[in-house]
Amino acid sequence: MKKLSTEVLVIGGGAAGLSAAAEAASAGAKVLVVESDLRPGGQLIKQTHKFFGSKDEYAGTRGFKIADILLDEINSFKDSVSILQNTTVSGYYKEDDEFTAMRGEEEYFHIKAKKTIVATGAQERLIPFPNNDIPGVYGAGAVQTLMNVYGVLPGRRVLMVGAGNIGLIVSYQLMQAGVQVAAVVEAAPRVGGYWVHAAKIRRMGVPILLRHSIKRALGEKCITGAVITGLNERFEPVGPEQQINCDLICIAVGLSPTTELLSQAGCKMMYVPQLCGNVAQRDRGMRTSNPDFYTAGDAGGIEEASAAMVEGRIAGLSAAAALGYPTEHGKLDEYWGRLQSLRKGEAGARICQGIDCVLVKDWEGVAHA
Amino acid sequence: MPDKDLEMLFNSGVLTGEREGAMLPPRDLWEGKKGGLVVVECPQRIPCNPCHTSCPTGAIMPFADINDTPRVDWTKCTGCTLCVSACPGLACLVIDLTFSEENALYKLPYEMLPLPVKGQKVQCLDREGAFLAEGTVENVTQPRKDRTHVVHVSAPKGLVAVFRSIRVVK
Numbered sequence: 009m010k011k012l013s014t015e016v017l018v019i020g021g022g023a024a025g026l027s028a029a030a031e032a033a034s035a036g037a038k039v040l041v042v043e044s045d046l047r048p049g050g051q052l053i054k055q056t057h058k059f060f061g062s063k064d065e066y067a068g069t070r071g072f073k074i075a076d077i078l079l080d081e082i083n084s085f086k087d088s089v090s091i092l093q094n095t096t097v098s099g100y101y102k103e104d105d106e107f108t109a110m111r112g113e114e115e116y117f118h119i120k121a122k123k124t125i126v127a128t129g130a131q132e133r134l135i136p137f138p139n140n141d142i143p144g145v146y147g148a149g150a151v152q153t154l155m156n157v158y159g160v161l162p163g164r165r166v167l168m169v170g171a172g173n174i175g176l177i178v179s180y181q182l183m184q185a186g187v188q189v190a191a192v193v194e195a196a197p198r199v200g201g202y203w204v205h206a207a208k209i210r211r212m213g214v215p216i217l218l219r220h221s222i223k224r225a226l227g228e229k230c231i232t233g234a235v236i237t238g239l240n241e242r243f244e245p246v247g248p249e250q251q252i253n254c255d256l257i258c259i260a261v262g263l264s265p266t267t268e269l270l271s272q273a274g275c276k277m278m279y280v281p282q283l284c285g286n287v288a289q290r291d292r293g294m295r296t297s298n299p300d301f302y303t304a305g306d307a308g309g310i311e312e313a314s315a316a317m318v319e320g321r322i323a324g325l326s327a328a329a330a331l332g333y334p335t336e337h338g339k340l341d342e343y344w345g346r347l348q349s350l351r352k353g354e355a356g357a358r359i360c361q362g363i364d365c366v367l368v369k370d371w372e373g374v375a376h377a
Numbered sequence: 494m495p496d497k498d499l500e501m502l503f504n505s506g507v508l509t510g511e512r513e514g515a516m517l518p519p520r521d522l523w524e525g526k527k528g529g530l531v532v533v534e535c536p537q538r539i540p541c542n543p544c545h546t547s548c549p550t551g552a553i554m555p556f557a558d559i560n561d562t563p564r565v566d567w568t569k570c571t572g573c574t575l576c577v578s579a580c581p582g583l584a585c586l587v588i589d590l591t592f593s594e595e596n597a598l599y600k601l602p603y604e605m606l607p608l609p610v611k612g613q614k615v616q617c618l619d620r621e622g623a624f625l626a627e628g629t630v631e632n633v634t635q636p637r638k639d640r641t642h643v644v645h646v647s648a649p650k651g652l653v654a655v656f657r658s659i660r661v662v663k
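Residue numbers (our numbering), protein chains in the order written: chain X, 9 to 377; chain W, 494 to 663.
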């Protein structure tokens, strides 16, 4: 069976992975990026809104343009970076220190890497309710893929479940595509996403019903509506139910880190609610307890793409340094400074609590403890 | 409205009164300022500063911490609308009170299709999307050539504290 080998393997070609690849290549390392989708860019290519953050994180630039900027940067090192698309890393075998991968559905091969950066992103959470298997119930990621990647309208009138940044942004994008947003329901007593994203759709007439959730979907062969209900402080249904007419129910209730490969590599994992799931412990260089594995982006805890890009830079920098490539003195501190400033806002406090749980000073100290 | 309901309304994304990051310009300066002054409605600490970095006159003041809410020195604002199109949250607009005796010129960010055209009547909406009055499109610009347009609408001066969005009726 064919075997590829590389110095740095980056698994996942999204915001974190592309940043990691660019950084490692700029230090001189040979990099292989493996991306399961048909083209690289991850969630960035679906984001038609302008990003927050500072100029360093491309604030004011639309997400899909940021993917182009990162790919241009990678192309400037084209002798040292290659990207495999439509390719999934399906497992890591510790005994052989090898990955298995498949391109499309026919071609299987092995990959051997000196250092591996796991930038596998996240998976959508779904909530259970009666009839949630009827066609017309989508995750927000699927709605974005249909609309913004393939130009397919997923419905005419939507009920959005969840008012985090994804629920708010996708509601706005649906309106841009001409879809009516009947309402956004949110179980918490405030929107979870940025207030300005909520204000944007509120002034276009969209109700955001706080302390509300979906009770069941209506329809036989496809969605014809939804029943929603108010919730009390213990998130139990209260008050009269309300029927919403819609042909699309979009679920945006959060993400969970994708970490199977890190577990297979024996990395010390920890369940951290603030980071939305089971994630790898890491040092300041994003290195896990397995010295050849690094974590970056949503795989290490759910956060904004701006932070994922900085974490990718850090992982790429440390992997290159560990291979002996000279790296700029002080760059790690600069990147940490950026992360800290991104994490100083309202949403950042939670993230910082989570990071405190998983960050280790140095692995040698931990091993001897 | 009881305080608890006002808080829920604010928590759903509707401004319920002036607060840090969402102040109106001083009225005396505003009334005589040709070109208008910026109104920023960004009351939450989030890591974002393109309003400041896009401002050519320094009217949107430097951020000590990128999470600070924006602070404006209105004496420096020229109403140029560069921040209106740069803000990722569409939280800036410019209002020119010198437009005419009865009407002000509202310069609002707009990212929907179809774009309205000069002379077209549009619906003026409040922060919850409720109809306030009919306005007239005076100009449509694209300050940063990045597909965020700025629609200039003339509408009654009495709406300065409430008119925040438009609906284009086909």
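The beta carbon of each residue, even a glycine, is placed where N, CA and C say it ideally should be.
Between the options, which has its C-alpha nearest residue i's C-alpha?
i, options, result
"Pro581 (chain W)", "X:Leu325, X:Tyr66, X:Leu340 and X:Leu46", "X:Tyr66"
"Ile553 (chain W)", "W:Val661, W:Val565, W:Gln613 and W:Asp561", "W:Val565"
"Ala121 (chain X)", "X:Lys339, X:Ala260, X:Ala37 and X:Cys254", "X:Ala37"
"Phe130 (chain X)", "X:Phe85, X:Glu15 and X:Gly50", "In the sequence as displayed, the identity of residue 130 (chain X) is Ala instead of Phe. The shortest C-alpha separation from Ala130 (chain X) is found at X:Gly50."
"Ala206 (chain X)", "X:Gln188, X:Gly233 and X:Ile174", "X:Ile174"
"Val151 (chain X)", "X:Ile77, X:Leu182 and X:Lys123", "X:Leu182"
"Ser264 (chain X)", "X:Gly238, X:Ala307, X:Thr232 and X:Met294", "X:Ala307"
"Lys11 (chain X)", "X:Arg224, X:Met110 and X:Gly170", "X:Met110"
"Gly274 (chain X)", "X:Pro299, X:Gln251 and X:Asn253", "X:Pro299"
"Arg657 (chain W)", "W:Val587, W:His545 and W:Gly612", "W:Val587"
"Thr550 (chain W)", "W:Cys541, W:Pro543, W:Pro563 and W:Cys570", "W:Cys570"
"Asp521 (chain W)", "W:Pro636, W:Lys638, W:Met494 and W:Leu590", "W:Leu590"
"Phe243 (chain X)", "X:Ile252, X:Gly233, X:Gly262 and X:Leu218", "X:Leu218"
"Ile209 (chain X)", "W:Leu502, W:Leu530, W:Glu595 and W:Gly506", "W:Gly506"
"Leu169 (chain X)", "X:Arg351, X:Thr128, X:Gly227 and X:Thr237", "Reading the sequence as shown, one finds Val at residue 169 (chain X) and not Leu. Selected option, being the one with the closest Cα: X:Thr237."
"Leu40 (chain X)", "X:His118, X:Glu312 and X:Val157", "X:His118"
"Tyr146 (chain X)", "X:Thr128, X:Gly172, X:Glu113 and X:Cys230", "X:Cys230"
"Gly528 (chain W)", "W:Thr568, W:Asp639, W:Glu621 and W:Lys614", "W:Thr568"
"Asp291 (chain X)", "X:Ser13, X:Leu269, X:Leu340 and X:Glu115", "X:Leu340"
"Gly324 (chain X)", "X:Gly144, X:Phe301, X:Gly309 and X:Ile310", "X:Phe301"
How should residue i be labelled, buried or exposed, when 16 other C-beta atoms within 10 angstroms of its C-beta is the threshold for buried?
i, result
"Ile559 (chain W)", "buried"
"Gly510 (chain W)", "exposed"
"His337 (chain X)", "exposed"
"Tyr279 (chain X)", "exposed"
"Asp87 (chain X)", "exposed"
"Ser98 (chain X)", "exposed"
"Gly61 (chain X)", "buried"
"Gln537 (chain W)", "buried"
"Ala377 (chain X)", "Any reading at Ala377 (chain X) must be qualified, since the residue scores a pLDDT of 40, below 50, and its modelled position is unreliable; the value itself is stated next. Counting Cβ neighbours within 10 Å, Ala377 (chain X) comes out exposed, since fewer than 16 surround it."
"Ser221 (chain X)", "buried"
"Met294 (chain X)", "buried"
"Ser34 (chain X)", "buried"
"Gly186 (chain X)", "exposed"
"Lys611 (chain W)", "exposed"
"Leu618 (chain W)", "buried"
"Leu283 (chain X)", "buried"
"Glu43 (chain X)", "buried"
"Ser271 (chain X)", "exposed"
"Tyr180 (chain X)", "buried"
"Val246 (chain X)", "exposed"
Using the beta-carbon of each residue, which ones in chain W are nearer than 7 angstroms to residue i?
i, result
"Gln184 (chain X)", "Glu604 and Met605"
"Ser62 (chain X)", "Asn542 and Ile559"
"Trp203 (chain X)", "Gly506, Pro536 and Gln537"
Starting from residue i, find everything on chain B with Cβ-Cβ shorter than 7 angstroms and list it in chain order.
i, result
"Ser505 (chain W)", "The chain labelled as chain B is not found among the protein chains of the depicted structure, namely X and W."
Listing by chain order, which chain W residues have their CB less than 8 angstroms from the CB of residue i?
i, result
"Ala67 (chain X)", "Cys541, Asn542, Pro543, Thr546 and Pro581"
"Lys10 (chain X)", "Within chain W, no residue comes near Lys10 (chain X); the closest Cβ sits about 44 angstroms away, beyond 8 angstroms."
"His57 (chain X)", "Pro581"
Pull the bridge partners of residue i from the DSSP assignment, please.
i, result
"Ile236 (chain X)", "X:Ile222 and X:Gln250"
"Pro245 (chain X)", "X:Leu239"
"Gly525 (chain W)", "DSSP, once it has assigned bridges, lists no residue as partnering Gly525 (chain W)."
"Glu194 (chain X)", "X:Leu218"
List the residues of chain X that residue i touches, going by C-beta distances under 7 angstroms, in chain order.
i, result
"Leu517 (chain W)", "Residues of chain X passing the Cβ test: none, with the nearest at roughly 16 angstroms."
"Arg657 (chain W)", "Arg211"
"Met494 (chain W)", "The contacting residues do not exist; Met494 (chain W) stays about 15 angstroms from chain X at best."
Residues of chain X with CB under 8 angstroms from residue i, in chain order?
i, result
"Leu575 (chain W)", "By Cβ distance, chain X contributes nothing, its closest Cβ being about 11 angstroms from Leu575 (chain W), past 8 angstroms."
"Leu618 (chain W)", "Arg211, Met212 and Gly213"
Please list, in chain order, the chain X residues whose beta carbon lies closer than 9 angstroms to that of residue i.
i, result
"Met554 (chain W)", "Neighbours of Met554 (chain W) on chain X: none; closest Cβ ~15 angstroms, over 9 angstroms."
Give the residues from the stretch 583-611 of chain W that approach chain X closer than 7 angstroms (Cβ to any Cβ), ordered along the chain. Leu583, Ala584, Glu604 and Met605
Of the residues that make up the stretch 520-537 of chain W, which ones have a beta carbon closer than 8 angstroms to any beta carbon in chain X? Glu534, Cys535, Pro536 and Gln537
Return the residues of the stretch 621-650 of chain W that lie within a Cβ-Cβ distance of less than 7 angstroms from chain X, sorted by chain order. Glu621 and Gly622
Which residues of the stretch 345-370 of chain X have a Cβ closer than 9 angstroms to any Cβ of chain W? Give them in chain order. Ser349, Leu350, Arg351, Lys352, Gly353, Glu354, Ala355 and Gly356
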